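S.K.: Following this message is one structure expressed as structure tokens.
2 protein chains.
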Amino acid sequence: MTSLDSSPEAVPGGAGTAAKQIPPAAVARLTIYLRALTTLLAEGVDRVSSESLAEASGVSSSTLRKDLSYVGSYGTRGVGYEVQYLNRHIAAALGLTHDWKVAIVGAGNLGKALARYGGFESRGFDIVAIFDADQMVVGSEVGWLRVSDAADLEPVLQRTGANMVVLALPAAVAQDVCDRVIAAGVRSILSFAPVMLQVPPGVNLRKVDMATELQILAYHAQRAQDPEDAD
Amino acid sequence: MTSLDSSPEAVPGGAGTAAKQIPPAAVARLTIYLRALTTLLAEGVDRVSSESLAEASGVSSSTLRKDLSYVGSYGTRGVGYEVQYLNRHIAAALGLTHDWKVAIVGAGNLGKALARYGGFESRGFDIVAIFDADQMVVGSEVGWLRVSDAADLEPVLQRTGANMVVLALPAAVAQDVCDRVIAAGVRSILSFAPVMLQVPPGVNLRKVDMATELQILAYHAQRAQDPEDAD
DNA sequence: TTCTGTGAATAGGTTCACAGCT
DNA sequence: AGCTGTGAACCTATTCACAGAA
Numbered sequence: 700m701t702s703l704d705s706s707p708e709a710v711p712g713g714a715g716t717a718a719k720q721i722p723p724a725a726v727a728r729l730t731i732y733l734r735a736l737t738t739l740l741a742e743g744v745d746r747v748s749s750e751s752l753a754e755a756s757g758v759s760s761s762t763l764r765k766d767l768s769y770v771g772s773y774g775t776r777g778v779g780y781e782v783q784y785l786n787r788h789i790a791a792a793l794g795l796t797h798d799w800k801v802a803i804v805g806a807g808n809l810g811k812a813l814a815r816y817g818g819f820e821s822r823g824f825d826i827v828a829i830f831d832a833d834q835m836v837v838g839s840e841v842g843w844l845r846v847s848d849a850a851d852l853e854p855v856l857q858r859t860g861a862n863m864v865v866l867a868l869p870a871a872v873a874q875d876v877c878d879r880v881i882a883a884g885v886r887s888i889l890s891f892a893p894v895m896l897q898v899p900p901g902v903n904l905r906k907v908d909m910a911t912e913l914q915i916l917a918y919h920a921q922r923a924q925d926p927e928d929a930d
Numbered sequence: 700m701t702s703l704d705s706s707p708e709a710v711p712g713g714a715g716t717a718a719k720q721i722p723p724a725a726v727a728r729l730t731i732y733l734r735a736l737t738t739l740l741a742e743g744v745d746r747v748s749s750e751s752l753a754e755a756s757g758v759s760s761s762t763l764r765k766d767l768s769y770v771g772s773y774g775t776r777g778v779g780y781e782v783q784y785l786n787r788h789i790a791a792a793l794g795l796t797h798d799w800k801v802a803i804v805g806a807g808n809l810g811k812a813l814a815r816y817g818g819f820e821s822r823g824f825d826i827v828a829i830f831d832a833d834q835m836v837v838g839s840e841v842g843w844l845r846v847s848d849a850a851d852l853e854p855v856l857q858r859t860g861a862n863m864v865v866l867a868l869p870a871a872v873a874q875d876v877c878d879r880v881i882a883a884g885v886r887s888i889l890s891f892a893p894v895m896l897q898v899p900p901g902v903n904l905r906k907v908d909m910a911t912e913l914q915i916l917a918y919h920a921q922r923a924q925d926p927e928d929a930d
């Protein structure tokens with residue numbers, strides 16, 4: 700649903716070397732299965748059927764099995780899936796075997812909330828830097844980090860080796876910071892800024908907008924309320 | 700992408716009175732057009748073509764025109780769309796004509812960030828209450844609100860007339876709070892808790908998970924990096 | 001002529017149903 | 001017998017291409 704790479708150039712030689720790519724919709728759900736598996740693991744469960752993993756993930760069992768089939772055949776017919784084993788293979792398919800280094804730009808309420816959110820570290824994402832343009836905030840502590848000056852964006856990204864950036868800043872400055880981050884070599888960006896950012900092909904941008912989410916809820920709520928059954 | 704109403708019960712009488720419903724994918728994009736239109740309005744632009752509105756929204760012009768066709772025919776052939784007029788009609792179609800009253804449960808970093816985020820009020824969402832279970836936090840001020848005790852959830856939701864709830868709390872307590880909120884009559888919930896919540900049919904639940912977003916980015920980043928062209 | 005609105009064609013995603021392994 | 005893995009059928013979404021209004 701986010702702008703994926705918009706360069707539909709086919710494989711050059713034509714020789715079908717295009718490794719098996721997982722459909723976007725399946726990728727999104729695989730992260731959910733991963734979370735459910737982690738919960739099961741914590742509960743000491745070590746085997747699970749497609750039926751129950753699907754229920755725990757809020758999808759149908761056929762969708763789950765189809766999704767897993769894109770990753771490979773890691774189940775045992777007549778038995779189910781070994782939780783740890785499946786967990787490891789999904790993580791590998793998603794590229795979560797090595798840690799990713801994340802920098803947050805914007806140390807406002809949202810930036811701070813993200814920096815302190817424990818859920819990242821445990822899932823392979825290290826927050827390595829947090830920036831702000833406000834000199835009152837620069838130098839203060841957020842979690843285990845000290846806020847860097849947004850003016851030093853490029854050198855700090857370089858030094859920390861950040862390969863992902865989260866934009867938690869006002870719409871007005873988002874495009875500018877986005878451009879600088881890309882120029883600094885980052886190719887994966889998650890934006891919370893409520894604007895449409897323009898990025899060159901090859902850069903991966905995902906957006907989360909809370910107002911959008913509420914508006915979608917409003918649409919459904921309105922439909923549910925309205926009688927509209929004027930027979 | 701979020702669990703929509705999972706009750707596929709057809710219209711009871713069978714008499715097709717099912718007003719024109721907008722496809723989910725289109726609803727999500729309509730909120731984006733709305734944002735772009737608001738920006739144009741602020742810039743003093745009063746007419747726009749499908750081509751340029753599409754570009755400002757990051758979609759193709761055919762997608763935009765098809766989406767708008769679900770709402771109605773509010774453009775002028777050969778000319779384009781009147782910004783204000785189109786804005787009003789999309790807002791109406793999404794149920795944004797009257798204000799929605801939103802309560803936030805969880806006054807941690809994220810809850811506070813949401814409560815203080817100005818973007819809601821301007822788009823028809825009034826934050827009417829914020830709750831926390833921690834007695835150290837209850838009574839403190841967040842934005843223009845005072846934090847209510849989560850123990851008083853039901854009466855405060857009732858008194859404030861909240862019809863939407865945002866869950867910004869730990870996974871461990873999310874299902875419990877979710878159940879109470881639904882029992883109190885709320886049918887629209889936006890959850891930031893990294894768990895799969897179970898809700899009865901008729902309740903609208905949307906989920907936002909930051910770790911999921913990063914994992915999806917990781918997948919694409921990995922694919923881009925990997926040579927995998929072992930010819 | 002220009003640009004919207006929309007049927008037709010294509011692509012993508014989900015569900016079904018069953019073959020195949022344990 | 002039980003449950004996974006997967007082609008085939010179905011449904012949703014996007015793109016194309018052009019008819020039709022200004």
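Protein chains in written order, with my numbering: chain A, 700 to 930; chain B, 700 to 930. Here a beta-carbon is modelled for each residue, glycine too, at the ideal position from N, C-alpha and C. Keep in mind the model is a prediction, meaning the values are calculated, not measured.
From Ser890 (chain B) to Ser759 (chain B), what distance separates their C-alpha atoms?
M.R.: The residue you call residue 890 (chain B) lines up with position 191 of the second sequence. The residue you call residue 759 (chain B) lines up with position 60 of the second sequence. Approximately 30 Å between the Cα atoms of the pair.
S.K.: Identify every residue that forms a DSSP beta bridge with Met863 (chain B).
M.R.: If you number the second sequence from 1, residue 863 (chain B) lands on position 164. BP columns for Met863 (chain B) point to B:Val801.
S.K.: Alpha helix (DSSP H) containing Gln831 (chain B): first to last residue?
M.R.: The sequence position of residue 831 (chain B) within the second sequence is 132, counting from 1. The sequence shown places Asp at residue 831 (chain B), rather than the Gln named in the question. Per DSSP, Asp831 (chain B) belongs to no alpha helix (DSSP H); it is in the beta strand (DSSP E), 824-831.
S.K.: Secondary structure at Leu868 (chain B), three-state DSSP: helix, strand or coil?
M.R.: On the second sequence, residue 868 (chain B) is found 169 positions in, with the first residue counted as 1. In this structure, Leu868 (chain B) counts as coil in the three-state DSSP scheme.
S.K.: Tell me which residues of the stretch 761-791 of chain B have at least one Cβ-Cβ distance to chain A shorter than 8 Å, keeping chain order.
M.R.: Flagged: no residues at all.
S.K.: Give me, in chain order, the residues of the same chain whose beta-carbon lies closer than 6 Å to that of Gly860 (chain A); leave out the 5 immediate sequence neighbours on both sides.
M.R.: Here residue 860 (chain A) refers to the residue found at position 161 when the first sequence is read from its first residue. Once the five neighbours on either side are set aside, the close Cβ partners of Gly860 (chain A) are Lys800.
S.K.: Check whether the Cβ of Ser748 (chain A) lies closer than 8 Å to any Cβ atom in chain B.
M.R.: Along the first sequence, one-based indexing puts residue 748 (chain A) at 49. No, no contact with chain B.
S.K.: Quick one: grab the DSSP three-state call for Ile881 (chain B).
M.R.: The residue given as residue 881 (chain B) occupies position 182 in the second sequence. Helix at Ile881 (chain B).
S.K.: Less than 8 Å between CB atoms is the rule here; does Ala910 (chain A) satisfy it with respect to chain B?
M.R.: Residue 910 (chain A) sits at position 211 when you count from the first residue of the first sequence. Yes, Ala910 (chain A) counts as interfacial toward chain B.
S.K.: Please name the residues in the stretch 869-884 of chain B whose beta-carbon is closer than 8 Å to at least one beta-carbon of chain A, in chain order.
M.R.: Going along the stretch 869-884 of chain B in chain order, one finds no residue with a Cβ nearer than 8 Å to chain A.
S.K.: Could you tell me the alpha carbon to alpha carbon distance between Tyr918 (chain B) and Pro723 (chain A), rounded to whole angstroms?
M.R.: Taking the second sequence and counting its residues from 1, one reaches residue 918 (chain B) at position 219. Taking the first sequence and counting its residues from 1, one reaches residue 723 (chain A) at position 24. Approximately 10 Å between the Cα atoms of the pair.
S.K.: By the 10 Å Cβ neighbour count, where 16 or more other Cβ atoms means buried, how is Leu752 (chain A) classified, buried or exposed?
M.R.: Stepping through the first sequence from its first residue, residue 752 (chain A) is reached at position 53. When all chains shown are included, Leu752 (chain A) counts as buried.
S.K.: Tell me the DSSP secondary structure of Ser748 (chain A) in three-state form.
M.R.: Start at 1 with the first residue of the first sequence, and residue 748 (chain A) comes out as number 49. Ser748 (chain A) falls in the coil class under three-state DSSP.
S.K.: Tell me which residues of the stretch 810-829 of chain B have at least one Cβ-Cβ distance to chain A shorter than 8 Å, keeping chain order.
M.R.: Going along the stretch 810-829 of chain B in chain order, one finds Lys811, Ala812, Leu813, Arg815, Tyr816, Gly818, Phe819, Arg822, Gly823, Phe824 with a Cβ nearer than 8 Å to chain A.
S.K.: Which residues in chain B have a C-beta closer than 7 Å to the C-beta of Thr859 (chain A)? List them in chain order.
M.R.: Position 160 of the first sequence, counting from 1, holds the residue named residue 859 (chain A). Neighbours of Thr859 (chain A) on chain B: none; closest Cβ ~16 Å, over 7 Å.
S.K.: Please check the pair Val864 (chain B) and Val885 (chain B), which I expect to be a contact at CB under 8 Å, by giving their CB distance rounded to whole angstroms.
M.R.: Locating residue 864 (chain B) in the second sequence gives position 165, where the first residue counts as 1. Locating residue 885 (chain B) in the second sequence gives position 186, where the first residue counts as 1. Confirmed, about 5 Å.
S.K.: For Thr762 (chain A), I'd like the list of residues in its chain whose CB is within less than 8 Å of its CB, leaving aside the five on either flank, ordered along the chain.
M.R.: Sequence index remark: in the first sequence, residue 762 (chain A) carries index 63 (1-based). Closer than 8 Å at Cβ, skipping near neighbours: Arg728, Ala753.
S.K.: So, is Phe849 (chain A) buried or exposed, given that buried needs 16 or more other C-beta atoms within 10 angstroms?
M.R.: Along the first sequence, one-based indexing puts residue 849 (chain A) at 150. The residue asked about is misnamed: residue 849 (chain A) is Ala in this sequence, not Phe. Buried: at least 16 other Cβ atoms inside 10 Å.
S.K.: Should Val726 (chain A) go down as buried or exposed, given a rule of 16 or more other Cβ atoms within 10 Å for buried?
M.R.: The residue you call residue 726 (chain A) lines up with position 27 of the first sequence. Classification for Val726 (chain A): buried.
S.K.: Grab the span of the alpha helix (DSSP H) containing Leu889 (chain A) for me, first residue to last.
M.R.: Taking the first sequence and counting its residues from 1, the one referred to as residue 889 (chain A) is at position 190. Run containing Leu889 (chain A): none in the alpha helix (DSSP H); it sits in the beta strand (DSSP E), 887-890.
S.K.: Would Ser847 (chain B) and Val836 (chain B) be called neighbours here (beta carbons separated by less than 8 Å)?
M.R.: The residue labelled residue 847 (chain B) in the question sits at position 148 within the second sequence. The residue labelled residue 836 (chain B) in the question sits at position 137 within the second sequence. Taking 8 Å as the Cβ cut-off, Ser847 (chain B) and Val836 (chain B) do not qualify as a contacting pair.
S.K.: Helix or strand or just coil, what does DSSP make of Arg905 (chain A)?
M.R.: Residue numbering aside, residue 905 (chain A) sits at position 206 when the first sequence is read from its first letter. Reduced to three states, the DSSP call for Arg905 (chain A) is strand.
S.K.: Which residues does DSSP list as the beta-bridge partners of Gly774 (chain B)?
M.R.: For this step, residue 774 (chain B) is matched to residue 75 along the second sequence. Its beta-bridge partners are B:Tyr780.
S.K.: So which residues of chain B does Ala893 (chain A) contact, with C-beta pairs closer than 7 Å?
M.R.: In the first sequence, residue 893 (chain A) corresponds to position 194, counting from 1. Checking the displayed sequence, the identity of residue 893 (chain A) turns out to be Pro instead of Ala. Within 7 Å Cβ-Cβ: Arg734, Gly818.
S.K.: What span of residues does the beta strand (DSSP E) with Val836 (chain B) cover, start to end?
M.R.: What you label residue 836 (chain B) is simply residue 137 of the second sequence in a count that begins at 1. Element bounds for Val836 (chain B): n/a, residue is neither H nor E.
S.K.: Leu868 (chain A) and Val804 (chain A) look like a contact to me (Cβ under 8 Å); what is the Cβ gap, rounded to whole Å?
M.R.: Sequence index remark: in the first sequence, residue 868 (chain A) carries index 169 (1-based). Sequence index remark: in the first sequence, residue 804 (chain A) carries index 105 (1-based). The pair is a contact, with the Cβ atoms about 6 Å apart (cut-off 8 Å).
S.K.: In this structure, does DSSP put Asp848 (chain B) in helix, strand or coil?
M.R.: As a first step, residue 848 (chain B) is located in the second sequence; it is residue number 149 there, counting from the start. Looking at Asp848 (chain B) - three-state DSSP - the assignment turns out to be strand.
S.K.: So, does the CB of Leu916 (chain A) fall closer than 8 Å to a CB anywhere in chain B?
M.R.: Within the first sequence, the letter at position 217 stands for residue 916 (chain A). By this cut-off, Leu916 (chain A) is an interface position.
S.K.: Roughly how many whole angstroms lie between the Cα atoms of Gln874 (chain B) and Asp745 (chain B)?
M.R.: For the purposes of this step, residue 874 (chain B) is identified with residue 175 of the second sequence, where counting begins at 1. For the purposes of this step, residue 745 (chain B) is identified with residue 46 of the second sequence, where counting begins at 1. Rounded to whole angstroms, Gln874 (chain B) to Asp745 (chain B) spans 46 Å at the Cα level.
S.K.: Using a Cβ cut-off of 8 Å (strictly closer), state whether Gln720 (chain A) contacts chain B.
M.R.: To locate residue 720 (chain A), count along the first sequence from 1; it is residue 21. With 8 Å as the cut-off, Gln720 (chain A) counts as an interface residue toward chain B.
S.K.: Using the Cα positions of Leu740 (chain B) and Val782 (chain B), report the straight-line distance between them to the nearest angstrom.
M.R.: As a position in the second sequence, residue 740 (chain B) is number 41, starting the count at 1. As a position in the second sequence, residue 782 (chain B) is number 83, starting the count at 1. Distance between the alpha carbons of Leu740 (chain B) and Val782 (chain B): 7 Å.
S.K.: May I ask you to report which of helix, strand or coil DSSP gives Glu840 (chain B)?
M.R.: Working through the second sequence from its first residue, we reach residue 840 (chain B) at position 141. Three-state DSSP puts Glu840 (chain B) in a strand.
S.K.: State the Cα-Cα distance for the pair Ser821 (chain B) and Thr737 (chain B), rounded to the nearest angstrom.
M.R.: Within the second sequence, the letter at position 122 stands for residue 821 (chain B). Within the second sequence, the letter at position 38 stands for residue 737 (chain B). Those two C-alpha atoms are separated by around 10 Å.
S.K.: Whose Cβ in chain A lies nearer than 8 Å to the Cβ of Gln834 (chain B)?
M.R.: Within the second sequence, the letter at position 135 stands for residue 834 (chain B). What Gln834 (chain B) touches in chain A: nothing, since even the nearest Cβ is about 21 Å away.
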